[in-house]
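Engineer:
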Amino acid sequence: MVEHERRGPVDLVTWGFSRVAMWLPAVIVAIMVYEVIMRYLFGKPTLWVNEASLWMAGMVYMFAGLYSMQQRSHIRIFILYDVVSRPIRRTFDVISTLFITLFCIAVIWGGFGEAFAKFMRWERFGTAWDPPIPATMKPLILITLIIVTIQAISNLIMDWDDDPESHNVMDDIDLDIEEVKRAQAAAAAKAQ
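If you count the sequence shown from 1, position 73 lands on 337 in the working numbering, and the numbers rise without skipping.
Right, dumping it as structure tokens:
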């Protein structure tokens, strides 16, 4: 898949979060391998690996949603979207941005008190390792939703005057083929 162009500071922030999310699964795998080695080869299981992997996986999930918004890969009914005129597409875009914004505001409004309380008392997970997962994840959910809202509005503004797109399966296949050809050419050039 070819990444959507980064246009503006909001896209750059989202891109930064996505790069963190891109590497966290590798970290999760590495600490899980460490846990298996410690447990089965040395008989010394860790207390922290399970909770740390849950913590990081939660971040990956949130940052992936943010990245989806920046890449415009969220759900859109292309069968309908592609057959209507550009002004109607803009209307659809405004309506979807409005719904996304209202949803995010509602979740932020409803979750702020709990997130603030958990953060202020530095609530912990309640296990032997006892990390502050609730104290960090609840506020991070709200922060991510704020960025999702800003990203949705930014997408609407940035895409307002763009040429209309139409989608079909062959577009994706052609892009993938071009990307493979570029990678092969780069590898061949590097080998010489």
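Heads up, the beta-carbon is just placed ideally off N, CA and C, and yes, glycines get one too.
Since we're looking at a predicted model, the values are computed, not measured.
Write down every uninterrupted run of the beta strand (DSSP E) in the stretch 271 to 339 whose length is 3 residues or greater and which is fully enclosed by it, in chain order.
Structural biologist: Qualifying beta strand (DSSP E) stretches: none in this window.
Engineer: My assumption, with CB atoms under 8 Å, is that M333 sits in contact with Q415. Please give the rounded CB distance.
Structural biologist: 5 Å
Engineer: What three-state label does DSSP hand F342 in the structure shown?
Structural biologist: helix
Engineer: Quick check on the burial criterion: 16 or more other C-beta atoms within 10 angstroms. Buried or exposed for I341?
Structural biologist: exposed
Engineer: When burial is assigned at 16 or more other CB atoms within 10 Å of the CB, is A316 buried or exposed?
Structural biologist: Per the 10 Å Cβ criterion, buried.
Engineer: Please check the pair L318 and F281, which I expect to be a contact at CB under 8 Å, by giving their CB distance rounded to whole angstroms.
Structural biologist: Incorrect: roughly 19 Å between the Cβ atoms, too far for contact.
Engineer: If you draw a straight line from the C-alpha of M296 to the C-alpha of V313, how long is it?
Structural biologist: Distance between the alpha carbons of M296 and V313 is about 7 Å.
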